[in-house]
Amino acid sequence: MNTQSSYPPILLLPGELRNQIYREYLFAGTEDGYVYDFEAGKLRTANNQPIELNLMYTCKLIAREMQGLALCLHTVTFSTLYSTNLRTRAARWAYFVSRFGRNVNWRTVGQLVAPEVIREVAGARSFVHAISQYHQAEDYLSFDWDGWDQVPSVQRSLQAQLIAKAVTEPACRTDISAPPKVENFEYLWDEVELRGGLAAFLDVIREPWSIPTEDELDTIGARLPTRKQKAPAALRNMWQDHPGRFRFSAAAAAIHFLSSLPAATRKYMRTIRLCEDRVSVAHPECHIRGLVPYCLENPALRIERRADLWNNLFQTNAWGQVSGQFHDPFESGDPFEFGLIRWSDIAEDDALPADHATRPVALWMAEASHPEIPDSISLVLDGDPTPERSAEVFHEAIQRDAAWQIAKERRFNDPENAFLMRMRTAEACWHAVRFPQLLANINKPTSRIKCNFDPGQPWCEDQITEVIRTNKIAEDNLEPSSYDGRVPDLVTAWEWRRGLRFATASPLPSFWSLVEENMDPGYEERKWLPPWEVGR
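With the first letter of the sequence shown counted as 1, position 472 gets the number 1851 in the numbering used here; the numbers rise by one all the way through.
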């Protein structure tokens, strides 16, 4: 029978003092919190040492008193994931997600899914129904771009819901009498059982923040039909020699870790920091959505997502990741360019082109501010280590583009045509949901989006009016039937003013050098080819 004298001496102290000792013990050497070691599946100290918890194992009473305290006290930091083994998995996953974007669009959905099913899932007055009706009535439009009335991730989610209907509902069509003539549309409509191919895409698009295993990737690859007979095996192996450094997002890493914990352990977590310090794959701007269930489960949890501008967002266009689109080695062209588009634009002047800056920033802001994202999740646009140069990009390019979006929305505001205008100008002049308003509110107490530099001020009414007047975006007496004729004028004027470029500032290396950090040394001497092209 235990007596008081048999207890560890610490248990003889008052409870308040014991709690203070526990806290000091847990903070010793861990002042910077914990970091996630993906390969080990464990948390470590910030200097990559094992976490010391021996005091907890002294006796059951101490273990009970200290239960969950370490997670309560420490910030857990997740960074983008990269290793020799993970890079091939990330590349394969990026390719499959890209295949969804290339092969599944609103015209595809409109052809496969009956109108009554679209109305059931999305609503008769939704943008989805409007798009499907437009595509059924008009010629194919090559762009299916970013969120006319919804953020892109919501569009993709609705597409997935409708595809699920197409796979299972007898009312949905399973063949297409006149398949679209789109380059690299890899379904062979007359040879491939359509429903099986579509079902494979559901594995990809439902949770783009997944970190799939090799076996899971094999299963997806085997279900995606292609023109190349050697493709199934090649899809597994062709990334091994690719010089690109493909990464999973920090948000994906956090989701992977949290899903591995029992709910009884997750409830102790209080603060998570996501360091999105490098370009990552599979629409990383929306990966925060995968953390929403954990915030609802644990209302005390707070998540700060920090997006590095110079090492991440400003490079996404160079990697073709602004819309999740990688160049495809199945199509013609230089296969080395797979995943590395527009390099010539950067290499020419060794600077950030202005038209590479705004779209990724707008997408990240739009996704972070979606109503489904709780206030416990915030986004920080990180302009370090050169906040002055980051401010310059915002002042001269991003604030300007927000003003152009306001001008576009204001002048093409006829209710019957505004939707069509957005769709026709979405690719060339991009349109991000509520972006001007989000930018105007950045750093305000009510905003979930912050930055650590001066983002500048929105353009005033006189400046916006001048944009409309000098570029003849629309005349006051313009009839809605003439909108289509004005769209090319808008696009031309917008593109003509895109010549700004921004060099990096010390201590950062040149912008080209930053991009090259995502490639293996000696990449210039290597000519990467898909396996079926080797030896030709």
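By construction, the Cβ of each residue, glycine as well, lies at the ideal position given by its N, Cα and C atoms.
Margin query: I'd like to confirm the pairing. Which residues does DSSP put opposite PHE1625 in its beta bridges?
Written below: Counting from 1 along the sequence shown, the entry for residue 1625 is found at position 246. PHE1625 pairs with nothing; no bridge assigned.
Next item on the list: Counting only the same chain and skipping the five closest in sequence on each side, list residues whose C-beta sits under 8 Å from that of GLN1836.
Entry: Mapped onto the sequence shown, residue 1836 falls at position 457. Excluding sequence neighbours, GLN1836 sits near GLN1778.
Next item on the list: Mind the definition here: the region 1614 to 1626 touches the region 1428 to 1448 only if three or more C-beta pairs lie below 8 Å; say whether that holds.
Entry: With a cut-off of 8 Å, the region 1428 to 1448 and the region 1614 to 1626 do not count as touching, because too few Cβ pairs lie within range.
Check: When burial is assigned at 16 or more other CB atoms within 10 Å of the CB, is PRO1429 buried or exposed?
Finding: One-based indexing of the sequence shown puts residue 1429 at position 50. So PRO1429 ends up on the exposed side.
Notebook entry, point to check: Taking contact to mean at least 3 C-beta pairs separated by less than 8 Å, is the region 1645 to 1654 in contact with the region 1465 to 1479?
Noted result: Judged by Cβ distances under 8 Å, the region 1645 to 1654 makes no contact with the region 1465 to 1479, as fewer than three pairs qualify.
Checklist line | Member of LEU1817, SER1638, GLU1788 whose CA lies at the smallest distance from the CA of THR1737 | finding: Here the question's residue 1737 lines up with position 358 in the sequence shown. Taking only the C-alpha atoms, the option nearest THR1737 is LEU1817.
Margin query: Can you tell me whether GLU1788 is helix, strand or coil according to DSSP?
Written below: The residue labelled residue 1788 in the question sits at position 409 within the sequence shown. Helix, per DSSP.
Next item on the list: Look at the Cβ atom of VAL1496, then the Cβ atom of LYS1439, and state whether they are nearer than 9 Å.
Entry: Against the sequence shown, residue 1496 aligns to sequence position 117. Against the sequence shown, residue 1439 aligns to sequence position 60. Cβ atoms of VAL1496 and LYS1439: not closer than 9 Å.
Next item on the list: Report the option in TRP1472, PRO1886, PRO1494, PRO1387 whose CA atom is closest to the CA atom of TRP1618.
Entry: As a first step, residue 1618 must be located in the sequence shown, where it is residue number 239. Cα-wise, what sits closest to TRP1618 is TRP1472.
Next item on the list: For LYS1829, name the three-state secondary structure that DSSP assigns.
Entry: Taking the sequence shown and counting its residues from 1, the one referred to as residue 1829 is at position 450. It is a strand residue.
Checklist line | Neighbourhood of ASP1729 by C-beta distance below 8 Å, restricted to the same chain and skipping five residues each side | finding: In the sequence shown, counting from the first residue as 1, residue 1729 sits at position 350. The answer, listed in chain order, is ALA1882, SER1889, PHE1890, TRP1891.
Check: Ends of the alpha helix (DSSP H) at LYS1421?
Finding: As a first step, residue 1421 is located in the sequence shown; it is residue number 42 there, counting from the start. Here LYS1421 belongs to no alpha helix (DSSP H); instead the beta strand (DSSP E) covers 1421 to 1424.
Check: How is MET1617 classed by DSSP in three states: helix, strand or coil?
Finding: On the sequence shown, residue 1617 is found 238 positions in, with the first residue counted as 1. DSSP places MET1617 in coil when its eight states are reduced to three.
Notebook entry, point to check: Nearest-angstrom Cα distance between LEU1670 and PHE1627?
Noted result: On the sequence shown, position 291 is the one that residue 1670 refers to. On the sequence shown, position 248 is the one that residue 1627 refers to. For LEU1670 and PHE1627, the distance between alpha carbons rounds to 15 Å.
Checklist line | Helix, strand or coil at CYS1438 [DSSP, three-state] | finding: For this step, residue 1438 is matched to residue 59 along the sequence shown. It is coil, neither helix nor strand.
Next item on the list: Give the straight-line distance between the Cα atoms of CYS1665 and GLY1408, rounded to the nearest whole angstrom.
Entry: Counting from 1 along the sequence shown, the entry for residue 1665 is found at position 286. Counting from 1 along the sequence shown, the entry for residue 1408 is found at position 29. Each residue's alpha carbon lies about 35 Å from the other.
Note to self: Suppose you measure from the CA of GLN1538 to the CA of GLY1502; what does that come to, to the nearest Å?
What the structure shows: Locating residue 1538 in the sequence shown gives position 159, counting from the first residue. Locating residue 1502 in the sequence shown gives position 123, counting from the first residue. Distance between the alpha carbons of GLN1538 and GLY1502 is about 13 Å.
Item checked: Cβ neighbour criterion (16 or more within 10 Å) applied to TYR1413 -> For the purposes of this step, residue 1413 is identified with residue 34 of the sequence shown, where counting begins at 1. That one is buried.
Notebook entry, point to check: For ALA1686, which residues does DSSP report across the bridge?
Noted result: By 1-based counting over the sequence shown, the position of residue 1686 is 307. BP columns for ALA1686 point to GLU1655, LEU1760.
Item checked: Helix, strand or coil at ALA1545 [DSSP, three-state] -> Indexing the sequence shown from 1 puts residue 1545 at position 166. Residue state, collapsed to three classes: helix.
Margin query: Could you give the first and the last residue of the continuous alpha helix (DSSP H) run that contains PHE1773?
Written below: Locating residue 1773 in the sequence shown gives position 394, where the first residue counts as 1. Looking at the DSSP string, PHE1773 is not in any alpha helix (DSSP H), and its letter there is neither H nor E.
Margin query: Rounding to the nearest angstrom, what Cα-Cα distance links GLN1704 and ALA1630 in this structure?
Written below: Here residue 1704 refers to the residue found at position 325 of the sequence shown. Here residue 1630 refers to the residue found at position 251 of the sequence shown. The predicted position of GLN1704 is uncertain, since its pLDDT is 39 and thus under 50; no value can be drawn from it.
Notebook entry, point to check: Any idea which residues DSSP pairs MET1898 with across the strands?
Noted result: Along the sequence shown, one-based indexing puts residue 1898 at 519. Per the DSSP secondary-structure output, MET1898 pairs in a beta bridge with GLY1623.
Check: Does the region 1672 to 1682 come close enough to the region 1754 to 1764 that 3 or more CB-CB pairs lie under 8 Å?
Finding: yes
Margin query: Do SER1748 and ILE1847 count as a contact pair if the criterion is CB distance below 9 Å?
Written below: Locating residue 1847 in the sequence shown gives position 468, where the first residue counts as 1. Locating residue 1748 in the sequence shown gives position 369, where the first residue counts as 1. Going by C-beta atoms, ILE1847 is not nearer than 9 Å to SER1748.
Next item on the list: Along the alpha helix (DSSP H) that carries THR1849, what are the first and last residues, could you check?
Entry: Start at 1 with the first residue of the sequence shown, and residue 1849 comes out as number 470. Counting along the chain, the alpha helix (DSSP H) containing THR1849 begins and ends at 1840 to 1849.
Next item on the list: Would you kindly check if the distance between the Cβ of CYS1830 and the Cβ of LEU1893 is under 9 Å?
Entry: Position 514 of the sequence shown, counted from the first residue, corresponds to residue 1893. Position 451 of the sequence shown, counted from the first residue, corresponds to residue 1830. Not a contact, by the Cβ cut-off of 9 Å.
Next item on the list: From the DSSP output, in three-state form, read off SER1521 for me.
Entry: In the sequence shown, residue 1521 corresponds to position 142, counting from 1. Because the pLDDT at SER1521 is just 41, under 50, the model does not fix this residue reliably, and the value given afterwards should be weighed accordingly. SER1521: coil per DSSP, three-state reduction.
Next item on the list: Would you decide whether PRO1531 is buried or exposed? Buried here means 16 or more other CB atoms lie within 10 Å of its CB.
Entry: Translated into positions along the sequence shown, residue 1531 becomes position 152. PRO1531 is buried by the Cβ-count criterion.
Next item on the list: Using 10 angstroms around the beta-carbon of SER1589, count the other beta-carbons present and answer buried if the total reaches 16, otherwise exposed.
Entry: For the purposes of this step, residue 1589 is taken as residue 210 along the sequence shown, with counting starting at 1. That one is buried.
Notebook entry, point to check: Is the beta carbon of THR1765 less than 9 Å from the beta carbon of LEU1887?
Noted result: Working through the sequence shown from its first residue, we reach residue 1765 at position 386. Working through the sequence shown from its first residue, we reach residue 1887 at position 508. With contacts defined as CB atoms closer than 9 Å, THR1765 and LEU1887 qualify as a contacting pair.
Notebook entry, point to check: In terms of residue numbering, what span does the beta strand (DSSP E) encompassing ASP1594 cover?
Noted result: Sequence index remark: in the sequence shown, residue 1594 carries index 215 (1-based). Careful: ASP1594 lies outside any beta strand (DSSP E), inside the alpha helix (DSSP H) at 1593 to 1602.
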